[in-house]
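Numbering (this note's numbering), first residue to last: 104 to 435.
Glycine included, every Cβ here is placed at the ideal spot set by N, Cα and C.
Beneath this line is the structure, given in structure tokens, with notes to follow.
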């Protein structure tokens, strides 16, 4: 059985608040735990009034404290926004509180616009070689301390919190292979380099103390419902959200509509559909076929499902249907 995990952006739907979104996040995490999902990851974004997980480590603590066994982590922390020591201390604290349950996925994008990125790091100037060096520094903080080491992460030192590298291009695939780390591809919104990145990661992988052989996970949007029509209608919330981003209007997750052709212009449709092409939408039978095809095409070791669905009850139902499908899927 291929493992399923959850990526939650803690969406703030139109007419709701961040408090509502965070309550829904914990409810969905408990639901996912009961359904046998392996991980529950939260993503760092800033200056976006439709996402409630900006303080990612805080939300991870909230979810881990409200669940019992599911792994909880970052998918991901945007390392350019932080010093490696601060992240080591935060996730060392989480690992100390919830031992054996914390994952740390790292991305190299800021998770926001450049103006906000400067507000996060003030006078820090990002250089091309910063991210690999910061990842290695962060790894060192989680290892056993060396004699004479002047700076240590407390908590963090010696805890060996699992580190993943996340990406939507070839850079992080190559770095994950070089460092011998697990790799997760953001195909749920940026699918263009999915197969090339996975091939490169596997071909260039070097075994490490963290991982003996390559381990790849990929993201896919899942909008499962009792019928194809209802699944497609739920999907229109995410389609509208992406359309608004492309129009420069980032906002809260909108309610579904009956016909997207009344919302987007003909020239806008292909771009949104391409960005969201890694999606399984519709009835259980339709979603099962789409997930099986995605597994066969990518050969991934694990799927991480995301579903930005306006109605919380429908969102819970979608993840329930996906869990029921999971047991019948065949690994690549």
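Beta-carbon spacing of residue i, residue j below 8 Å
i: residue 130; j: residue 177; result: no
i: residue 112; j: residue 154; result: yes
i: residue 170; j: residue 146; result: no
i: residue 345; j: residue 109; result: no
i: residue 341; j: residue 411; result: yes
i: residue 271; j: residue 323; result: no
i: residue 250; j: residue 334; result: no
i: residue 406; j: residue 320; result: yes
Residue range of the unbroken alpha helix (DSSP H) whose run includes residue i
i: residue 189; result: 187-200
i: residue 318; result: Careful: residue 318 lies outside any alpha helix (DSSP H) and carries neither H nor E.
i: residue 424; result: 415-429
i: residue 136; result: 121-137
i: residue 245; result: 233-245
i: residue 164; result: 159-168
Extent of the continuous beta strand (DSSP E) run through residue i
i: residue 205; result: 205-210
i: residue 154; result: That residue, residue 154, is in no beta strand (DSSP E); it is neither H nor E in DSSP.
i: residue 292; result: Premise fails: residue 292 is in no beta strand (DSSP E) and is neither H nor E.
i: residue 405; result: 405-409
i: residue 287; result: 286-288
i: residue 109; result: 107-111
i: residue 140; result: Taken as a continuous stretch (DSSP letters only), residue 140 belongs to no beta strand (DSSP E), as it is neither H nor E.
CA nearest to the CA of residue i, picked from the options
i: residue 269; options: 300, 256, 259, 248; result: 300
i: residue 359; options: 395, 323, 144, 417; result: 417
i: residue 121; options: 425, 157, 401; result: 157
i: residue 282; options: 152, 236, 327, 260; result: 236
i: residue 354; options: 115, 390, 414; result: 115
i: residue 402; options: 317, 411, 378; result: 317
i: residue 357; options: 375, 337, 255; result: 337
i: residue 150; options: 373, 381, 374, 352; result: 352
i: residue 325; options: 395, 240, 185; result: 395
i: residue 280; options: 274, 304, 117; result: 304
i: residue 295; options: 379, 370, 365, 392; result: 379
Local conformation of residue i per DSSP, three classes
i: residue 274; result: helix
i: residue 340; result: helix
i: residue 330; result: coil
i: residue 175; result: strand
i: residue 383; result: strand
i: residue 397; result: helix
i: residue 298; result: helix
i: residue 363; result: helix
8 Å contact criterion, which residue i and residue j should meet: CB distance rounded
i: residue 287; j: residue 203; result: Not quite, the Cβ-Cβ distance comes to about 20 Å (not below 8 Å), so this is no contact.
i: residue 259; j: residue 194; result: 7 Å
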